[in-house]
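Asker:
Chains as they are written, first to last, in my numbering: chain A, 807 to 1161; chain B, 784 to 1184.
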């Protein structure tokens, strides 16, 4: 189709053709998710027919959603941040220790201060890594790798055991269920159970909307795309490339802090084993959602569906009875592989069209 | 202007020689190594004591921190060889090596576990060789998979290898049905520990063999030239008749073979495997070794000696940190990260460029100041001359009057 429009000529038509390419990735993701979920509903049934199953997926992955959104921002500018998983872990541990101290009366504070701690940790990581990547021109992978190491070590320095949180107001907040009207189900005894989501899901969805608006309608958001698409042209257009990259990392750090807090809210504890491999899941979700690794292309809505697809396939694998842990990882790997190949083919086609 | 001055001088000054040494790629890892050695000597004078002691099996073996360090650095050094080549040719790193080591180790154990421990030496050697070859083939295939994604589908190496990073350990578990295997045959442990009668750990020999092989390969073949050419500019090297795709694929396959050797050593060390823990975080260490060696992580020129040295430094750092009893073993990574960041900042090209810039500017300023001074002197001299001429002419005028 794009060949036809190219044959017609005209820069506007060609622009539409290239837009179709980027939208194609998004459409593929959404279609894959819907097909997967529908087939799960039809063939597997079990829990999938109930709306609550879908909300449970959201409940479990609210933190991953926020992490992936931050990752998408960085990946749009052509970078990568692999420290987010361990930052999540560090945030959980720091908040848990803090709240336990508050609970024991050793320190003053409340739920709000723990949120501030989480955001401060994320912000600190974002600023340091962003400065190193943008102004010192180090490879983002190496810098964030060191960040990953640092966060991992810091977590065990803060505390090396699992810390469950018993602080009353926090537990209350964590257990708060936001009911969703009309989507409940009737259980075997005939009692109506309303569908619910946790507070974290609402925060995560708010972040999605916020970042979507940022990327679509603000100057900063468009600058992210410009810098990722072509560094030098962006520079020549008068965009401050270094500042843009720096801000992308700072925002990603903030997202890691907030994502960490949501994870903490869901898990209600701190442990050095929390959020293992979350960075890889976040990267995988972004890629599945149609963010190109070369930068310049990506969409927050795609990332949302990327997270949903990833977690749905995990749930399907588990409910198929393949409970051995390895099947989940292998399916995720295969899925990632397929999406990468599709991206590569699309990119190749795009380059051919350009020539 | 400064270059002119230095060109005029026939004998290089001490300062220039020093500058050349500082700019050498081996400088940073060597300095790091010396710092670590000095630090250890100060805190514990007996740190480098090597003694000949009987081990648990009753053999006389060398023991001491130094031996442990060199022994445990083996896997890292072997990996650094392959990682350097991959970095050079593809401009990215393979983050799946840890997972592929698990796969390689699992393959070896799958073959060896079926044999009873009381078979004859020759037969046992045959099994070991078969299992090793198979594990090399398997790892090379996984390397080729990564390489194909990078070379033919043009996916960034770190992301292409992300697939195996996620799935690799699960595949390793799948190969052996997630069984906890341990090999009772003592002979299987020879490759990761000690061969009776030889006081040096076997992995050291394996490392030396690998280094010799890669040195010969780089000497005899054009691999070094080609991979650097591909790394610096793939399309221009294609125009010069090199196939960049094949070279990239080849480097990934070489890394696969290195990974197979590592996997073999790793499982031989413990005669068992834990799929989720084996070679944990080794990919990070291997990449850091390459970075510490001063190699450009964006591809292009590489220095294998520096990478190998970098690998030893990383292991040395780990051993040193482990020595502090009060440091929890899992919090080591925080200290490591700080050290590594500092090292990378020092060795970063941009920092060096800035330092050079500053030096140049200072020299330029100095030269300018000198030029100004000379000019001022010349003016002064001219003024004095003019004065004297005036005076002379005045005198002459007086005389004539």
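The beta carbon of each residue, even a glycine, is placed where N, CA and C say it ideally should be. Here the structure is a predicted model, which means the values were calculated and not measured.
When you check each C-beta in the region 923-938 of chain A against every C-beta of chain B, which residues fall closer than 7 Å?
Answerer: none
Asker: Taking just the CA atoms, how far does residue 803/B sit from residue 797/B?
Answerer: In the second chain, residue 797/B corresponds to position 14, counting from 1. In the second chain, residue 803/B corresponds to position 20, counting from 1. Taking the straight line joining both Cα atoms gives about 10 Å.
Asker: Let me make sure I understand the geometry here. Which of 1075/B, 1013/B, 955/B has the alpha-carbon closest to that of residue 934/B?
Answerer: Locating residue 934/B in the second chain gives position 151, where the first residue counts as 1. The residue with the shortest Cα to Cα distance from residue 934/B is 1013/B.
Asker: Could you check the C-alpha separation between residue 836/B and residue 1085/A for me, to the nearest Å?
Answerer: On the second chain, position 53 is the one that residue 836/B refers to. On the first chain, position 279 is the one that residue 1085/A refers to. Each residue's Cα considered, the two are about 45 Å apart.
Asker: Under 8 Å between C-beta atoms, does residue 1118/B make it to chain A?
Answerer: Looking up residue 1118/B in the second chain gives position 335. Yes, residue 1118/B lies at the interface with chain A (some Cβ there is under 8 Å from its Cβ).
Asker: Check residue 999/A in the structure and name its three-state DSSP category.
Answerer: Indexing the first chain from 1 puts residue 999/A at position 193. Here residue 999/A sits in strand by DSSP.
Asker: Drop a sphere of 10 angstroms on the beta-carbon of residue 1121/A, count the other beta-carbons inside from all chains shown, and report buried for 16 or more, exposed for fewer.
Answerer: As a working note, residue 1121/A is residue 315 in the first chain. Answer is buried; the Cβ neighbour count reaches 16.
Asker: Name the chain B residues whose beta carbon is nearer than 7 Å to that of residue 884/A?
Answerer: The count along the first chain starts at 1 and reaches residue 884/A at position 78. The contacting residues do not exist; residue 884/A stays about 10 Å from chain B at best.
Asker: For residue 953/B, name the three-state secondary structure that DSSP assigns.
Answerer: Along the second chain, read from residue 1 onward, the residue named residue 953/B stands at position 170. The answer is helix: DSSP assigns residue 953/B an H, G or I state.
Asker: I'd like to know if residue 1080/B contacts chain A, where contact means its C-beta is closer than 8 Å to some C-beta of that chain.
Answerer: To locate residue 1080/B, count along the second chain from 1; it is residue 297. For residue 1080/B, the answer is yes, since a Cβ of chain A falls inside 8 Å of its Cβ.
Asker: Label residue 1066/B either buried or exposed according to how many other C-beta atoms from any shown protein chain fall within 10 Å of its C-beta, with 16 as the threshold for buried.
Answerer: Locating residue 1066/B in the second chain gives position 283, counting from the first residue. Buried: at least 16 other Cβ atoms inside 10 Å.
Asker: Show which residues of chain B have a CB atom less than 7 Å away from the CB atom of residue 1086/A.
Answerer: Here the question's residue 1086/A lines up with position 280 in the first chain. The answer, in chain order, is 945, 948, 949.
Asker: Apart from the five residues on each side of it in sequence, which residues of its chain come closer than 8 Å, Cβ to Cβ, to residue 1096/B?
Answerer: Position 313 of the second chain, counted from the start, is the residue given in the question as residue 1096/B. So the qualifying residues of the chain are 812, 815, 816, 819, 1072, 1075.
Asker: Along the alpha helix (DSSP H) that carries residue 836/B, what are the first and last residues, could you check?
Answerer: If you number the second chain from 1, residue 836/B lands on position 53. For residue 836/B, there is no enclosing alpha helix (DSSP H); the enclosing beta strand (DSSP E) has its first and last residue at 834-837.
Asker: For residue 902/B, which of helix, strand or coil comes out of DSSP?
Answerer: Within the second chain, the letter at position 119 stands for residue 902/B. Three-state DSSP puts residue 902/B in coil, outside helix and strand.
Asker: Any chance you could list the alpha helix (DSSP H) runs of at least 4 consecutive residues sitting entirely within the region 887-946 of chain B, in chain order?
Answerer: Segments of the alpha helix (DSSP H) lying fully in the region 887-946 of chain B: 904-934.
Asker: Does DSSP put residue 979/B in a helix, a strand or coil?
Answerer: Translated into the one-based positions of the second chain, residue 979/B becomes position 196. Here residue 979/B sits in coil by DSSP.
Asker: At 8 Å on the CB atoms, spell out the chain B contacts of residue 1138/A, in chain order.
Answerer: Translated into the one-based positions of the first chain, residue 1138/A becomes position 332. By Cβ distance, chain B contributes 949, 950.
Asker: If you draw a straight line from the C-alpha of residue 887/A to the C-alpha of residue 880/A, how long is it?
Answerer: By one-based count along the first chain, residue 887/A stands at place 81. By one-based count along the first chain, residue 880/A stands at place 74. For residue 887/A and residue 880/A, the distance between alpha carbons rounds to 7 Å.
Asker: Quick check on residue 1051/A: buried or exposed, where buried means 16 or more other Cβ atoms within 10 Å of its Cβ?
Answerer: The residue labelled residue 1051/A in the question sits at position 245 within the first chain. That one is buried.
Asker: Taking residue 829/A as the reference, which of 1103/A, 1126/A, 1132/A, 1125/A has the closest Cα?
Answerer: Here residue 829/A is taken as the residue at index 23 of the first chain, counted from 1. Comparing Cα-Cα distances from residue 829/A to each of 1103/A, 1126/A, 1132/A, 1125/A, the minimum goes to 1103/A.
Asker: Beta-carbon within less than 6 Å of residue 1020/A's beta-carbon, same chain only, minus the 5 sequence neighbours each way: which residues are those?
Answerer: On the first chain, residue 1020/A is found 214 positions in, with the first residue counted as 1. Closer than 6 Å at Cβ, skipping near neighbours: 1027.
Asker: Between the region 1092-1106 of chain A and the region 920-933 of chain A, are three or more C-beta pairs nearer than 8 Å?
Answerer: no
Asker: Find the residues of chain A that neighbour residue 873/B, judging by a C-beta separation of less than 9 Å, and give them in chain order.
Answerer: Here residue 873/B is taken as the residue at index 90 of the second chain, counted from 1. Ordered by position in chain A, no residue passes the 9 Å Cβ test against residue 873/B, which lies about 13 Å from the chain.
Asker: Any chance the region 849-867 of chain A sits against the region 1031-1050 of chain A, with 3 or more Cβ pairs inside 8 Å?
Answerer: no
Asker: DSSP three-state label for residue 788/B, please.
Answerer: Residue numbering aside, residue 788/B sits at position 5 when the second chain is read from its first letter. Low confidence applies to residue 788/B: its pLDDT is 49, below 50, so where it sits in the model is not reliable, and the reading given next is rough at best. The answer is helix: DSSP assigns residue 788/B an H, G or I state.
Asker: Hey, residue 963/A and residue 1117/B are a contact pair by Cβ (cut 8 Å); roughly how many whole angstroms apart?
Answerer: Residue numbering aside, residue 963/A sits at position 157 when the first chain is read from its first letter. Residue numbering aside, residue 1117/B sits at position 334 when the second chain is read from its first letter. Between residue 1117/B and residue 963/A the Cβ distance is about 6 Å, and since that is below 8 Å, they are a contact.
Asker: Leaving out the 5 sequence neighbours to the left and right, which residues in its chain are closer than 7 Å to residue 875/A when beta-carbon positions are compared?
Answerer: By one-based count along the first chain, residue 875/A stands at place 69. The answer, listed in chain order, is 1013, 1014, 1017, 1061, 1106, 1109.
Asker: What is the rounded straight-line gap between the Cα of residue 801/B and the Cα of residue 950/B?
Answerer: Taking the first residue of the second chain as position 1, residue 801/B is located at position 18. Taking the first residue of the second chain as position 1, residue 950/B is located at position 167. Approximately 49 Å, taken between the alpha carbons.
Asker: Chain A beta carbons: is any one of them nearer than 8 Å to that of residue 1031/B?
Answerer: On the second chain, position 248 is the one that residue 1031/B refers to. Output row for residue 1031/B: interface = no.
Asker: Do you know how far the Cα of residue 894/B is from the Cα of residue 1088/A?
Answerer: Looking up residue 1088/A in the first chain gives position 282. Looking up residue 894/B in the second chain gives position 111. Near 37 Å, if we compare the C-alpha coordinates of residue 894/B and residue 1088/A.
Asker: Going by Cα to Cα distance, which pick from 1147/A, 1144/A, 1123/A is closest to residue 846/A?
Answerer: Sequence index remark: in the first chain, residue 846/A carries index 40 (1-based). Residue 846/A has its Cα closest to that of 1123/A, out of 1147/A, 1144/A, 1123/A.
Asker: List the DSSP bridge partners of residue 1076/A.
Answerer: As a working mapping, residue 1076/A is identified with position 270 in the first chain. For residue 1076/A, which the question treats as bridged, DSSP gives the partners 969/A.
Asker: Hey, how far is the Cα of residue 1116/A from the Cα of residue 898/B?
Answerer: Working through the first chain from its first residue, we reach residue 1116/A at position 310. Working through the second chain from its first residue, we reach residue 898/B at position 115. Their Cα atoms are separated by approximately 41 Å.
Asker: Among residues of its own chain, excluding the 5 on either side of residue 838/B, which ones have a beta-carbon nearer than 6 Å to its beta-carbon?
Answerer: Counting from one through the second chain, the residue named residue 838/B turns up at place 55. Contacts found: 844.
Asker: Mapping the DSSP letters down to three states, classify residue 1060/B as helix, strand or coil.
Answerer: Residue numbering aside, residue 1060/B sits at position 277 when the second chain is read from its first letter. Coil, per DSSP.
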